[in-house]
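First comes the structure, then the notes that go with it.
Number of protein chains: 2
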Amino acid sequence: MPPPEARPNARPVSARRARTRQRLLDAALEVFAEEGFGRSTVEQVCERAGFTRGAFYSNFTSLDELFLAMWERRSAHMLDDLRAVLADVAPDGPRAALHAALAAVPVDDAWYRVTAEFTAHALRHPALRRVMAAREQAILETIMPVVVAALSRAGRRVTDEEALGRALVAVHDGTSVQVLMEPDSASVRNQREQLFLHVLDAYSAPSEHAASPVPVTPEEPQ
Amino acid sequence: MPPPEARPNARPVSARRARTRQRLLDAALEVFAEEGFGRSTVEQVCERAGFTRGAFYSNFTSLDELFLAMWERRSAHMLDDLRAVLADVAPDGPRAALHAALAAVPVDDAWYRVTAEFTAHALRHPALRRVMAAREQAILETIMPVVVAALSRAGRRVTDEEALGRALVAVHDGTSVQVLMEPDSASVRNQREQLFLHVLDAYSAPSEHAASPVPVTPEEPQ
DNA sequence: TGTACTCGATACGTTCCTGTATCGAGAGGA
DNA sequence: TCCTCTCGATACAGGAACGTATCGAGTACA
Chain A
1 MPPPEARPNA
11 RPVSARRART
21 RQRLLDAALE
31 VFAEEGFGRS
41 TVEQVCERAG
51 FTRGAFYSNF
61 TSLDELFLAM
71 WERRSAHMLD
81 DLRAVLADVA
91 PDGPRAALHA
101 ALAAVPVDDA
111 WYRVTAEFTA
121 HALRHPALRR
131 VMAAREQAIL
141 ETIMPVVVAA
151 LSRAGRRVTD
161 EEALGRALVA
171 VHDGTSVQVL
181 MEPDSASVRN
191 QREQLFLHVL
201 DAYSAPSEHA
211 ASPVPVTPEE
221 PQ
Chain B
1 MPPPEARPNA
11 RPVSARRART
21 RQRLLDAALE
31 VFAEEGFGRS
41 TVEQVCERAG
51 FTRGAFYSNF
61 TSLDELFLAM
71 WERRSAHMLD
81 DLRAVLADVA
91 PDGPRAALHA
101 ALAAVPVDDA
111 WYRVTAEFTA
121 HALRHPALRR
131 VMAAREQAIL
141 ETIMPVVVAA
151 LSRAGRRVTD
161 EEALGRALVA
171 VHDGTSVQVL
181 MEPDSASVRN
191 QREQLFLHVL
201 DAYSAPSEHA
211 ASPVPVTPEE
221 PQ
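Residue numbers (the UniProt record's numbering), protein chains in the order written: chain A, 1 to 222; chain B, 1 to 222.
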């Protein structure tokens, strides 16, 4: 076992190579978002990144491989951001925590498009599907401790952590499309937030030591 | 108003032409599901349908146009099915109605992939986005009367019809991915159903004339 | 049955993209 | 500073898909 190298088969990647890969991945995100993955070409990505196709084939073997690398990097970043925000902020209640979390995971048009296509892509390729399922699991493990803690502080005990986690992810995904489809509708955004609160409420019960039941959803703006 | 013709600018489509279009649309659905829209070619669709490219260009001007036509036809069919099922079945309670509805809108792998890509596609093209938003509206108008009626029979009054409708659609979309990502997990399916019931509960209140509050979610299987 | 016209098949030229093989600049180590 | 070897640029050949122009079978209608 070679001592310093972290991963077994990790070649010593030069700084130069790393920079090139970075720029290619960044360019790919933009191109995929604009053109769609299937309609994108190696040339488009290279042109956007300021390289020739030679650089591409020296770093990746196919667009598929690049697509996976790009998606993994970007979604890992988002997960880190989310983790950081949720760790720093000490929310006073579910509502505050929700706002912090929603701010950390903004509804991003371009990223949504890419993710939607990657999902479809992954559903066709079992290996990719497993990658995505693992990421989903990581998301749950990241957000749930904080969600549970925030609800606890609000006098509510989570009954089924896994179910709540999946529900939150599903609501996030499902409502994101709606917001993007009607970007100018404030009521869609409000209803999204309300739905989150309802779900938090439904999957938690008043703590024993709480004097009186404290519902998550206090007022209902309309 | 011309008596038999439904639409004003509808050319007299020959039966022959209609058949050809049908077969092309059917083939397109299959090809798009397998290859992805962006990766599909006119040739693939034609080969699958048993035509040459000449037939295609005689019926459509581009793959984009075919994609739209295919999506509209298929989603209109699904909406009709849903309407029929919901109209026929006289459910005794929310749970029964939910099962009927979920049976009418099965989680279909191939169709999900196509829809996901069409959504991404539509988000890039305002005209298509409007088409999709309109369909979404139609879905709401179809399911909501029945949902309201079923809940009413269960002694519950819907407080905000629009919000409930959007919530149901969001939950459907969001949980469908989860089911497809982990097709063998029974708990994911159960949690999906539970989430639906929770949402029905959250967006309705006990009717005045009801003797005692009747929550939608009676038992909780796990 | 005859005739006109629709509509799918065939053929063509063009454009775009792919993947590889080779070369040379320059980064990195001694 | 010199030397080595990595890595991106360049050039090449092949192939895939596009859109159009034209033709002829067979359909529809009188």
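Beta carbons are placed, not taken as given, at the ideal position from N, Cα and C, and that holds for glycine.
What is the rounded straight-line gap between the Cα of residue i and the Cα of residue j?
i	j	result
His172 (chain B)	His172 (chain A)	12 Å
Ala101 (chain B)	Glu182 (chain B)	22 Å
Ala33 (chain B)	Trp111 (chain B)	7 Å
Val131 (chain B)	Ala120 (chain A)	21 Å
Glu65 (chain A)	Thr142 (chain B)	43 Å
Arg135 (chain A)	Glu72 (chain A)	9 Å
His77 (chain B)	Ala84 (chain B)	11 Å
Arg192 (chain A)	Gly174 (chain A)	9 Å
Met144 (chain B)	Gly165 (chain B)	6 Å
Leu29 (chain B)	Glu47 (chain B)	13 Å
Arg95 (chain A)	Asp109 (chain A)	24 Å
Thr41 (chain B)	His125 (chain B)	20 Å
Gln178 (chain A)	Asp184 (chain A)	11 Å
Gly93 (chain A)	Ser75 (chain B)	41 Å
Glu43 (chain A)	Asp88 (chain A)	42 Å
Ala167 (chain A)	Glu161 (chain B)	21 Å
Would the beta-carbon of residue i fall within 8 Å of that of residue j?
i	j	result
Gly38 (chain A)	Arg39 (chain B)	yes
Arg113 (chain A)	Leu128 (chain B)	no
Glu117 (chain B)	Gly50 (chain B)	no
Ala138 (chain A)	Leu98 (chain A)	no
residue 228 (chain A)	Val105 (chain A)	It is not possible to answer for residue 228 (chain A), since the shown part of chain A is limited to 1 through 222.
Ala103 (chain B)	Gln194 (chain A)	no
Val31 (chain B)	Val45 (chain B)	yes
For the putative contact between residue i and residue j, defined by C-beta atoms under 8 Å, what is the C-beta separation to the nearest angstrom?
i	j	result
Val146 (chain B)	Leu86 (chain B)	4 Å
Leu200 (chain B)	Leu151 (chain B)	7 Å
His198 (chain B)	Ala27 (chain A)	Their Cβ separation, rounded to whole angstroms, is 43 Å, which puts His198 (chain B) and Ala27 (chain A) out of contact at 8 Å.
Going by Cα to Cα distance, which pick from the options is closest to residue i?
i	options	result
Ala205 (chain A)	A:Val148, A:Val31, A:Arg73	A:Val148
Ser176 (chain B)	B:Phe32, B:Tyr203, B:Phe196, B:Ala133	B:Phe196
Ala133 (chain B)	A:Gly93, A:Ala104, A:Leu180	A:Leu180
Ser207 (chain B)	B:Gln178, B:Arg153, B:Ala84	B:Arg153
Leu68 (chain A)	A:Phe56, A:Leu25, A:Gly93, A:Pro94	A:Leu25
Arg16 (chain B)	B:Arg74, B:Asp109, B:Ala55	B:Ala55
Met70 (chain A)	A:Ala96, A:Pro126, A:Thr115, A:Glu161	A:Thr115
Touching by the beta-carbon criterion (3+ pairs, under 8 Å), the stretch 151-158 of chain A and the stretch 182-199 of chain B:
no
Could you say if the stretch 57-67 of chain B and the stretch 20-29 of chain B meet the contact criterion of at least three C-beta pairs nearer than 8 Å?
yes
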